[in-house]
Amino acid sequence: MYAPEKILDNKYFESIVDTNDEWIVSRTGIRERRMMENGATSDMAVKAIEDLLATTKVDPKDIDVIIVATVTPDMFFPATACLVQEKIGATKAWGFDLSAACSGFLFALQTGASLVETGKYKKVIVVGSDKMTAITDYTDRNNCILFGDAASAVLLEPTEDFRYGIKDSLLYIDGAGKDSLNMKGGGSLNPPSHETVDKKMHYIYQDGKAVFKVAVKGMADISYEIMQKNNLKGEDVAYLVPHQANLRIIDATAQRMGISKEKVMVNIDRYGNTTAATIPLCLTEYYRAGKVKKGDNLILAAFGAGYTWGSIYLTWSMD
Ligand code: UT7
Numbered sequence: 026m027y028a029p030e031k032i033l034d035n036k037y038f039e040s041i042v043d044t045n046d047e048w049i050v051s052r053t054g055i056r057e058r059r060m061m062e063n064g065a066t067s068d069m070a071v072k073a074i075e076d077l078l079a080t081t082k083v084d085p086k087d088i089d090v091i092i093v094a095t096v097t098p099d100m101f102f103p104a105t106a107c108l109v110q111e112k113i114g115a116t117k118a119w120g121f122d123l124s125a126a127c128s129g130f131l132f133a134l135q136t137g138a139s140l141v142e143t144g145k146y147k148k149v150i151v152v153g154s155d156k157m158t159a160i161t162d163y164t165d166r167n168n169c170i171l172f173g174d175a176a177s178a179v180l181l182e183p184t185e186d187f188r189y190g191i192k193d194s195l196l197y198i199d200g201a202g203k204d205s206l207n208m209k210g211g212g213s214l215n216p217p218s219h220e221t222v223d224k225k226m227h228y229i230y231q232d233g234k235a236v237f238k239v240a241v242k243g244m245a246d247i248s249y250e251i252m253q254k255n256n257l258k259g260e261d262v263a264y265l266v267p268h269q270a271n272l273r274i275i276d277a278t279a280q281r282m283g284i285s286k287e288k289v290m291v292n293i294d295r296y297g298n299t300t301a302a303t304i305p306l307c308l309t310e311y312y313r314a315g316k317v318k319k320g321d322n323l324i325l326a327a328f329g330a331g332y333t334w335g336s337i338y339l340t341w342s343m344d
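If you read the sequence shown in our numbering, its first letter stands for residue 26, the second for the next number, and so on.
Structural data, given as structure tokens:
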């Protein structure tokens, strides 16, 4: 994982917009978030992958595929995956960027797993990396307090021991959500111009209340559905690993699944919403703290722009 060093705490936001620490903590659970001062999404992805390769002792030359989940690519093209590939020296890899906002890591994880299942690819890297501060309007108190920068990566490999690995996924999109959460400027619909800049169309737009309502229901329902489908009860699940957008959405999801707070991975207080990075960031921190053990059943769940949402059921395979 990689989280930039610069911290923006709630006190900082009190100095730039009309807000306060009490409001932010009680409504979101966020206390601080990180900001990448120099560098782009690919630089954070590279640092996360270097950490991953050091941990797994994998040579970059053995990587087959790199999937970068992001909504803040360095550029429209080439893909961030190409920039990452060159920087880490993954000389035989191919790859691509995947855009599914806060569900990006889940969509990329299922895509990567499907590539491994073909039998053709043995080492697939899935990295969630987002430099949200690059598209955040720091005069908009509704949104600027929510987002931060980070990257985190996982390595997918084949196994013949079917007790472990990715066991099921439920993934959905619904474009009816396009007006509630988006960045309108810069694409083919609204190419960059003085007007798009003046209208702040290169920043995140979010109708927080509208998204909140569907996110609470969407994430809780999908997590419950995957448990039902796989005959899992609360006690069978070691951890819920939810996208970190709002602590209240996380709490509602855990409640619906019938699992206690201790079994929910949370680090939103320290990183805020890092979009595609939130889930692998949680996985890495909990794994490194010795809290995730081989054989643990995890339910990953996310909801985000699009709308996109989903859940993945997996059994942790690392010692
Ligand atoms: O990750 C992708 C998906 N995104 C999400 O899941 C985010 C979903 N939405 C949310 O998390 C929440 O809706 C927010 C955290 C964005 C907002 O929380 P809320 O409880 O829905 O607040 P609200 O929008 O209903 O606003 C309540 C009040 C408003 O004032 P009035 O209109 O009642 O007078 C806002 O203007 O709070 C005000 N407000 C603030 N006050 C202090 C909004 N932002 C702030 C702020 N500080 N930063």
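Heads up, the beta-carbon is just placed ideally off N, CA and C, and yes, glycines get one too.
Distance from the C-beta of C307 to the nearest heavy atom of the ligand UT7 is not below 6 Å.
The beta carbon of N271 sits closer than 6 Å to the beta carbons of T53 from its chain, once the five residues preceding and following it are set aside; these are given in chain order. Short note on F172: C-beta not closer than 6 Å to any heavy atom of the ligand UT7. Around the beta carbon of Q231, 16 or more other beta carbons lie within 10 angstroms, which makes this residue buried. With a cutoff of 6 Å, N298 counts as near the ligand UT7, since its C-beta is closer than that to a heavy atom of the ligand.
Only residues of its own chain outside the window of five on either side were considered, and among them A126 and L206 have a CB closer than 6 Å to the CB of A330, listed in chain order.
The beta carbon of D193 sits closer than 8 Å to the beta carbons of I251, K254, N255, I337 and Y338 from its chain, once the five residues preceding and following it are set aside; these are given in chain order.
Excluding sequence positions up to five before and after D294, its CB lies within less than 7 Å of the CB of G54, I55 and R56, all in the same chain and listed in chain order. Taking A240 as reference, the option from K156, A159, G335 and G129 with the minimal CA-CA separation is G335. Its chain contains A263, Y264, T340 and W341 as the residues whose beta carbon lies nearer than 8 Å to that of D321, once the 5 sequence neighbours on both sides are disregarded; these appear in chain order. Fewer than three Cβ pairs drawn from the stretch 186 to 203 and the stretch 58 to 68 lie within less than 8 Å of each other, which leaves the two stretches out of contact.
Scanning its chain for C-beta atoms nearer than 7 Å, with the 5 sequence neighbours on each side dropped, one finds around V83 the residues K148 and L180, in chain order.
One Cα belongs to K156, the other to M244, and the distance between them is close to 24 Å. Non-local C-beta neighbours of G259 in its own chain, meaning closer than 7 Å and more than five positions away in sequence, comprise M282, G283 and I284, ordered along the chain. Shown here, K112 sits in a helix according to DSSP, grouped into three states. Contact between M26 and P305 holds: CB atoms are separated by about 7 Å, below the 8 Å threshold. Contact between T105 and V93 holds, with the beta-carbon distance rounding to 5 Å and staying under 8 Å.
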